[in-house]
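Undergrad: Protein chains in written order, with full-length UniProt numbering: chain A, 1 to 305; chain B, 1 to 305.
One structure coming up, written as structure tokens, with questions to follow.
2 protein chains.
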Amino acid sequence: MAVIYERVALIGMGLIASSMAHAMRRHGLVAHIAGYARSAETRAAALEIGFADSVYQSAAEAVQGADLVVLAVPVGAMAEVAAEIAPHLKPGATVTDVGSVKQAVIEAVAPHIPEGVEFVPGHPLAGTEHSGPYSGFATLFENRWWLLTPLEGSAPAPVARLRDLLEALGAKVDELDPEHHDLVLAVVSHTPHLIAYTMVGVADHMHRVSKSEVIKYSASGFRDFTRIAASDPTMWRDVFLTNKAATLDILGRFTEELFVLQRAIRMGDGEQLHAYFTRTRDIRRGIIDAGQDTDAPDFGRIKRD
Amino acid sequence: MAVIYERVALIGMGLIASSMAHAMRRHGLVAHIAGYARSAETRAAALEIGFADSVYQSAAEAVQGADLVVLAVPVGAMAEVAAEIAPHLKPGATVTDVGSVKQAVIEAVAPHIPEGVEFVPGHPLAGTEHSGPYSGFATLFENRWWLLTPLEGSAPAPVARLRDLLEALGAKVDELDPEHHDLVLAVVSHTPHLIAYTMVGVADHMHRVSKSEVIKYSASGFRDFTRIAASDPTMWRDVFLTNKAATLDILGRFTEELFVLQRAIRMGDGEQLHAYFTRTRDIRRGIIDAGQDTDAPDFGRIKRD
Numbered sequence: 001m002a003v004i005y006e007r008v009a010l011i012g013m014g015l016i017a018s019s020m021a022h023a024m025r026r027h028g029l030v031a032h033i034a035g036y037a038r039s040a041e042t043r044a045a046a047l048e049i050g051f052a053d054s055v056y057q058s059a060a061e062a063v064q065g066a067d068l069v070v071l072a073v074p075v076g077a078m079a080e081v082a083a084e085i086a087p088h089l090k091p092g093a094t095v096t097d098v099g100s101v102k103q104a105v106i107e108a109v110a111p112h113i114p115e116g117v118e119f120v121p122g123h124p125l126a127g128t129e130h131s132g133p134y135s136g137f138a139t140l141f142e143n144r145w146w147l148l149t150p151l152e153g154s155a156p157a158p159v160a161r162l163r164d165l166l167e168a169l170g171a172k173v174d175e176l177d178p179e180h181h182d183l184v185l186a187v188v189s190h191t192p193h194l195i196a197y198t199m200v201g202v203a204d205h206m207h208r209v210s211k212s213e214v215i216k217y218s219a220s221g222f223r224d225f226t227r228i229a230a231s232d233p234t235m236w237r238d239v240f241l242t243n244k245a246a247t248l249d250i251l252g253r254f255t256e257e258l259f260v261l262q263r264a265i266r267m268g269d270g271e272q273l274h275a276y277f278t279r280t281r282d283i284r285r286g287i288i289d290a291g292q293d294t295d296a297p298d299f300g301r302i303k304r305d
Numbered sequence: 001m002a003v004i005y006e007r008v009a010l011i012g013m014g015l016i017a018s019s020m021a022h023a024m025r026r027h028g029l030v031a032h033i034a035g036y037a038r039s040a041e042t043r044a045a046a047l048e049i050g051f052a053d054s055v056y057q058s059a060a061e062a063v064q065g066a067d068l069v070v071l072a073v074p075v076g077a078m079a080e081v082a083a084e085i086a087p088h089l090k091p092g093a094t095v096t097d098v099g100s101v102k103q104a105v106i107e108a109v110a111p112h113i114p115e116g117v118e119f120v121p122g123h124p125l126a127g128t129e130h131s132g133p134y135s136g137f138a139t140l141f142e143n144r145w146w147l148l149t150p151l152e153g154s155a156p157a158p159v160a161r162l163r164d165l166l167e168a169l170g171a172k173v174d175e176l177d178p179e180h181h182d183l184v185l186a187v188v189s190h191t192p193h194l195i196a197y198t199m200v201g202v203a204d205h206m207h208r209v210s211k212s213e214v215i216k217y218s219a220s221g222f223r224d225f226t227r228i229a230a231s232d233p234t235m236w237r238d239v240f241l242t243n244k245a246a247t248l249d250i251l252g253r254f255t256e257e258l259f260v261l262q263r264a265i266r267m268g269d270g271e272q273l274h275a276y277f278t279r280t281r282d283i284r285r286g287i288i289d290a291g292q293d294t295d296a297p298d299f300g301r302i303k304r305d
């Protein structure tokens with residue numbers, strides 16, 4: 001494929017940024033990848049692994065001359081980074097981000113972006129429970145959604161060019177309103193993560209059930225929760241702090257609903273439980289039909305010989 | 001391997017029983033597999049797939065002459081089935097079950113078991129979100145735990161013989177007290193399932209977020225919940241109705257804990273969230289080290305080429 005951006009600067013080089021770098025290289029989409037990370041270990045890893053062509057001690061240096069700047073730091077660090085890079089952005093550059101929350105990132109970043117630079121907020125619905133520069137791989141975005149939430153009145157050309165890049169990484173691109181994005185993500189990602197963290201925490205606190213039994217007998221249900229609850233703590237702290245309203249809304253609904261089922265258990269209302277458990281099957285069917293997950297039993301984790 | 005039981009009767013022929021049949025055949029562990037299922041479709045499937053040598057219209061007929069009887073029906077159906085087969089059990093036979101709850105099954109089954117027949121309650125910690133006779137496969141139990149909760153004063157020889165069979169299926173066998181079993185399972189399986197059902201139900205009920213968006217953007221967190229929430233509704237209804245006390249206990253702890261995190265989000269207490277999310281990572285590490293799950297990112301669901 002043809003080069004889409006001459007020079008890309010990655011601010012933050014964890015799972016998402018390093019995967020972008022691997023994929024951009026593989027498909028020949030950029031001429032030069034510059035990188036910045038706060039930790040010296042991450043900067044050294046980026047050079048050692050080779051997904052960055054150059055790394056810098058500061059974000060301000062890394063963005064110089066970049067046609068595309070990707071903010072791939074935790075949501076809580078966006079404002080500071082944006083303020084730091086703003087005076088160094090190349091006229092005509094595009095800035096995007098990969099944060100899981102969009103309204104808070106827009107509030108943090110947009111005020112710093114100078115005239116002549118376009119900010120196109122984005123969020124790849126991709127990732128694994130692993131984090132750091134060594135966890136990245138080129139196929140992470142294949143067949144996954146990458147949501148863009150362009151600002152009102154933003155120029156169409158920079159959005160279209162970014163879209164070209166993301167599609168070339170294998171992603172499917174959709175545009176959403178930032179507020180709606182945050183609500184949808186609270187349902188499909190943020191609240192499920194909080195619940196998984198909580199359930200794993202409960203198990204950790206149980207005194208009558210020893211930790212070794214929890215681990216030993218974790219098959220069937222619980223181990224799926226532990227995978228989710230192994231995700232990056234800093235990233236998730238920032239998600240909950242910055243998507244507070246939507247998460248609390250969905251948590252409220254969740255608790256109400258849980259109490260209804262809890263009451264059905266207490267009252268021995270088998271019909272209500274059965275009806276509920278039957279309806280939820282349909283959603284799974286839809287996800288598989290939409291190609292968003294495998295129908296292989298247990299995610300194909302079990303070898304069927 | 002050598003034949004361990006001449007004749008085995010499977011009462012119920014869903015995922016677990018059909019997987020046992022496939023595995024017993026593959027390893028030559030039994031000479032004849034008789035089967036019973038309530039539905040004519042399942043009986044026909046067992047013969048068509050060929051995992052049963054003979055099928056019967058009633059459980060009473062199926063158990064005749066069997067050295068091992070496996071009760072593989074939902075927990076709520078155990079009492080009726082036990083009452084029906086009791087007069088037809090061969091002296092010296094062993095009866096086991098595969099129910100996810102042990103105290104309720106013992107109460108339902110043990111009173112019916114005649115003198116000279118041994119009842120050894122069991123529970124394989126294995127399964128997938130699929131159900132029915134076509135969902136079975138021979139390797140389902142490999143490297144999975146199979147928990148036995150022998151009754152007080154039960155003879156050691158029948159327990160040892162059943163253990164031999166289960167180990168020959170590839171399972172690791174542990175013996176537990178039934179009450180402790182039910183508590184451990186409430187933590188590692190029953191409560192996580194209820195929570196997953198609830199979260200999927202919440203998404204289903206959301207009006208502002210359309211169902212198509214929930215499905216479309218389900219990657220990262222939510223789709224894992226939908227897999228769990230696609231499990232057999234009848235089986236799970238019975239689990240919650242019969243493991244009521246332990247499930248309500250763990251649900252109470254879960255809700256308390258969730259409220260603590262919810263409050264931390266509302267108050268903006270990032271330190272508390274970060275500390276909590278860091279502790280839960282350790283449990284995941286333990287599960288992977290114990291060989292109970294894969295460390296492949298996203299369960300290996302993503303191709304890394």
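Where is the CB? At the ideal position from N, CA and C, for every residue including glycine.
Along the region 198 to 210 of chain B, where does the CB come closer than 8 Å to a CB of chain A? Name the residues.
TA: 198, 199, 200, 201, 202, 203, 204, 205, 206, 208, 209
Undergrad: If distances are taken between C-alpha atoms only, which option among B/250, B/141, B/91 comes closest to residue 206 of chain A?
TA: Cα-wise, what sits closest to residue 206 of chain A is B/250.
Undergrad: Using the beta-carbon count (16 or more within 10 Å), is residue 57 of chain B buried or exposed?
TA: exposed
Undergrad: Would you kindly work out how many angstroms separate the C-alpha atoms of residue 107 of chain B and residue 121 of chain B, rounded to a whole number?
TA: 11 Å
Undergrad: Checking the sheet assignment: what are the DSSP bridge partners for residue 145 of chain A?
TA: A/172
Undergrad: Along the chain, where does the beta strand (DSSP E) that runs through residue 118 of chain B open and close?
TA: 118 to 120
Undergrad: With three or more beta-carbon pairs closer than 8 Å as the criterion, would you say the region 14 to 28 of chain B touches the region 162 to 180 of chain B?
TA: yes
Undergrad: Residue 95 of chain A: which of A/33, A/40, A/158 sits nearest, CA to CA?
TA: Of the candidates A/33, A/40, A/158, the residue whose Cα lies closest to the Cα of residue 95 of chain A is A/158.
Undergrad: One question on the structure: do residue 42 of chain B and residue 13 of chain B come within less than 8 Å of each other, judged by their Cβ atoms?
TA: Yes. Within cutoff.
Undergrad: Identify the continuous alpha helix (DSSP H) that holds residue 212 of chain A and give its terminal residues.
TA: 211 to 216
Undergrad: Compare the Cα-Cα distances from residue 113 of chain B to each of B/133, B/125, B/99, B/92 and report the closest residue.
TA: B/92
Undergrad: Can you pull the chain B neighbours of residue 90 of chain A, defined as C-beta to C-beta under 8 Å?
TA: Result: empty, since nearest Cβ-Cβ is about 33 Å, beyond 8 Å.
Undergrad: Can you tell me the Cα-Cα spacing of residue 163 of chain A and residue 147 of chain A, whole angstroms?
TA: 10 Å
Undergrad: Is it buried or exposed, residue 201 of chain B, if we count other Cβ atoms within 10 angstroms and call 16 or more buried?
TA: Residue 201 of chain B should be labelled buried.
Undergrad: What beta strand (DSSP E) runs, 3 residues minimum, are completely inside the region 51 to 139 of chain B?
TA: If we require 3 residues or more, the beta strand (DSSP E) runs fully inside the region 51 to 139 of chain B come out as 54 to 56, 68 to 71, 94 to 97, 118 to 120, 122 to 124.
Undergrad: Give a yes or no on whether 8 Å exceeds the smallest Cβ distance from residue 98 of chain A to chain B.
TA: With 8 Å as the cut-off, residue 98 of chain A does not count as an interface residue toward chain B.
Undergrad: Could you please give the first and the last residue of the uninterrupted alpha helix (DSSP H) stretch that includes residue 152 of chain A?
TA: Membership of residue 152 of chain A in any alpha helix (DSSP H) is not indicated, and neither H nor E is assigned to it by DSSP.
Undergrad: What are the boundary residues of the beta strand (DSSP E) that includes residue 33 of chain B?
TA: 30 to 36
Undergrad: Output needed for residue 29 of chain B: all residues of its chain with C-beta closer than 7 Å, excluding positions within five of it in sequence on either side, in chain order.
TA: 1, 3, 4, 165, 168
Undergrad: Are the CB atoms of residue 54 of chain A and residue 34 of chain A within a distance shorter than 8 Å?
TA: Taking 8 Å as the Cβ cut-off, residue 34 of chain A and residue 54 of chain A qualify as a contacting pair.
Undergrad: When you compare each of B/154, B/125, B/129 to residue 282 of chain A by their alpha carbons, which one comes out closest?
TA: B/129
Undergrad: Would you list the one or two residues that DSSP bridges to residue 5 of chain A?
TA: A/30
Undergrad: At least one CB of chain B closer than 8 Å to the CB of residue 293 of chain A: is that the case?
TA: yes
Undergrad: For a quick check, are the C-beta atoms of residue 243 of chain B and residue 190 of chain B less than 8 Å apart?
TA: yes
Undergrad: Assuming residue 254 of chain A and residue 199 of chain B make a contact with CB atoms under 8 Å, what is their CB distance in whole Å?
TA: 6 Å
Undergrad: Whose C-alpha, out of A/83, A/134, A/154, is nearest the C-alpha of residue 116 of chain A?
TA: A/154
Undergrad: Can you find a C-beta in chain A that's less than 8 Å from the C-beta of residue 166 of chain B?
TA: no
Undergrad: Taking residue 134 of chain A as the query, report the chain B residues whose CB atoms sit under 8 Å from its CB, ordered along the chain.
TA: By Cβ distance, chain B contributes nothing, its closest Cβ being about 11 Å from residue 134 of chain A, past 8 Å.
Undergrad: Under 8 Å, Cβ to Cβ, is there at least one residue of chain B near residue 182 of chain A?
TA: no
Undergrad: For residue 289 of chain A, count the other beta carbons within 10 Å of its own beta carbon; 16 or more makes it buried, fewer makes it exposed. Which is it?
TA: exposed
Undergrad: For residue 70 of chain B, which option in B/248, B/246, B/11, B/104 has the closest C-alpha, if you only look at C-alpha atoms?
TA: For the residues B/248, B/246, B/11, B/104, the minimum Cα distance to residue 70 of chain B belongs to B/11.
Undergrad: Do you know offhand how far residue 215 of chain A's Cα is from residue 192 of chain A's?
TA: 21 Å
Undergrad: Decide if residue 186 of chain A is buried, meaning its Cβ has at least 16 other Cβ atoms within 10 Å, or exposed.
TA: Buried.
Undergrad: Please check if any C-beta of chain A sits within less than 8 Å of the C-beta of residue 173 of chain B.
TA: no
Undergrad: Straight-line CA distance for residue 63 of chain A to residue 175 of chain A?
TA: 26 Å
Undergrad: One question on the structure: do residue 127 of chain B and residue 16 of chain B come within less than 8 Å of each other, judged by their Cβ atoms?
TA: It is a contact, given that the beta carbons lie within the stated cut-off.
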